[in-house]
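One structure below.
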Amino acid sequence: MRVLVTGGAGFLGSHLCDRLLEERDEVICLDNLFTGRKKNIAHLFDNPYFEFVRHDVIDPFKAEVDQIYNLACPASPPHYQCNPIKTTKTSVMGAINCLGLAKRVKARIFQASTSEVYGDPLEHPQKEEYRGHVNPIGLRACYDEGKRCAETLFFDYHRQNGVEIRIVRIFNTYGPRMLADDGRVVSNFIVQALRGDDITIYGNGEQTRSFCYYTDLIDGFLRLMNQDGITGPVNIGNPGEFSMSELAEIILRLTRSKSKITYQPLPADDPIQRKPDISLAKEKLEWEPKVPLEEGLKETIAYFKSELGL
Ligand code: NAD
Ligand code: UDP
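Numbering (this note's numbering), first residue to last: 1153 to 1462.
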């Protein structure tokens, strides 16, 4: 199969390209390198089944492909908030361009949606039926509402034009190839601990997240994409729930760091709790995560040690 991966030079996209090539697919990786890096895919440049195209998804593009994975969108709050209008354009116009292409070439198309569609959730854990609690005018809205609108577009192309869609709602995922200055909590805490800098907990550290290792997530992606008779949305994430204080303690222990914990103001609209209900993925995809947090963190710490030259 020939597969297009938008956002393919990013953290998740580059791992997805690797995995698709292992499955003997031909891969076209499209990315504008906003938060992605050529370094993430440099090892693929000599592979005759891999092609990199530098392009922005807000502009239309053509490719003869059988499947499209749409991952193009900055995922870290500091990155998606630094140019919020561009973030909404990326999600919305990127979805329209990908869906238009899918319709024309009759490709199956996959959307990397997010647990952020649940906003600061009032239901816990979050099931796919929960419609969310998003502030439409807040600092996170460019990302949350952009992703919600993309889901709407996917369903409308499906209903109106019969496009075969798959939507995954990704819960916080981490691992090698995250940027050291990405701004997300796992990379921040690990880099701070390794450098001996202060660990920056935002708020009182009691807010929770559920962290999935990238190998489990990519496995869920392929299962959903290649399953017949299901559109999603399907939650993919690890239901283990940790407060940011607990995460900081684990990372300090695993890195044997003497970094001190400091507290900074909680960013606006920062969700208080988040944990996926993965019953649907278990039932329909026979998927559940296998990598425990500490195991995934050890791999990620080893990666950042080498990235930082330590
Ligand atoms: P990332 O920032 O590493 O990857 C995003 C990629 O998209 C980058 O390579 C970036 O350069 C590219 N990109 C951004 N804007 C683009 C544009 N306009 N045109 C072309 N390319 C563009 O982040 P990631 O963690 O790998 O996230 C990948 C996808 O998964 C994103 O859509 C994100 O919203 C979604 N997601 C990730 C998580 C997570 O925890 N990692 C959680 C929920 C959803
Ligand atoms: N966070 C933190 N310190 C940091 C970075 C993030 O305490 O240096 C907190 C952040 O406020 C949020 C949680 O960690 O409550 C997860 O943040 P992240 O940006 O990784 O993802 P998201 O908020 O999008 O789930």
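All residues carry an ideal CB built from backbone N, CA and C; glycine is no exception.
- Check the Cα spacing between residue 1245 and each of 1235, 1298, 1271: the tightest is with 1298.
- Shown here, residue 1428 sits in a strand according to DSSP, grouped into three states.
- Taking 7 Å as the cut-off, the beta carbon of residue 1361 is found closer than this to the beta carbon of residue 1426.
- Check the Cα spacing between residue 1308 and each of 1279, 1353, 1252: the tightest is with 1252.
- In this structure, the alpha-carbon of residue 1300 lies about 15 Å from that of residue 1279.
- The DSSP-derived three-state label of residue 1182 is strand.
- The continuous alpha helix (DSSP H) containing residue 1454 extends over residues 1445–1459.
- Short note on residue 1202: C-beta not closer than 6 Å to any heavy atom of the ligand NAD.
- The beta carbon of residue 1193 sits closer than 8 Å to those of 1160, 1161, 1166, 1169, 1181, 1202, 1204, all from its chain and outside the five residues before and after it, given in chain order.
- By the neighbour-count criterion, in which 16 or more other beta carbons inside 10 Å mark a residue as buried, residue 1454 falls on the exposed side.
- The shortest C-alpha to C-alpha distance from residue 1282 to any of 1363, 1385, 1155, 1424 is the one to 1385.
- For the ligand NAD, a non-hydrogen atom lies closer than 6 Å to the CB of residue 1159.
- A contact between stretches requires three or more CB pairs, one per stretch, nearer than 8 Å, and the stretch 1334–1354 meets this requirement with the stretch 1398–1409.
- Residue list for the ligand UDP: 1228, 1229, 1268, 1324, 1335, 1336, 1337, 1338, 1340, 1341, 1352, 1353, 1354, 1355, 1357, 1359, 1361, 1396, 1418, 1419, 1422, 1423, 1426 (CB closer than 7 Å to any heavy atom, chain order).
- Note on the stretch 1371–1433: whole beta strand (DSSP E) runs with a minimum of 3 residues are 1386–1388, 1413–1416, in chain order.
- Going by DSSP, residue 1353 is part of the beta strand (DSSP E) stretching over 1351–1354.
- Judged by their CB atoms, residue 1172 and residue 1215 are not nearer to each other than the 7 Å cut-off.
- Residue 1439 and residue 1387 have their C-alpha atoms roughly 11 Å apart.
- In the DSSP assignment, residue 1320 is bridged to 1264, 1386.
- Closer than 6 Å to some heavy atom of the ligand NAD: that does not describe the Cβ of residue 1456.
- In the structure shown, residue 1274 adopts coil according to DSSP, grouped into three states.
- Taking one beta carbon from each stretch, the stretch 1302–1317 and the stretch 1428–1442 have fewer than 3 pairs nearer than 8 Å; the two do not touch.
- For residue 1219, no alpha helix (DSSP H) segment is defined; the enclosing uninterrupted segment is the beta strand (DSSP E) at 1219–1222.
- Rounded to whole angstroms, residue 1366 and residue 1325 show a C-alpha spacing of 6 Å.
- Rounded to the nearest whole angstrom, the CA to CA distance from residue 1323 to residue 1218 is 27 Å.
- In this structure, residue 1318 places its C-beta atom within 7 Å of the C-beta atom of residue 1376.
- Beta-bridge annotation (DSSP): residue 1244 is not paired with any residue.
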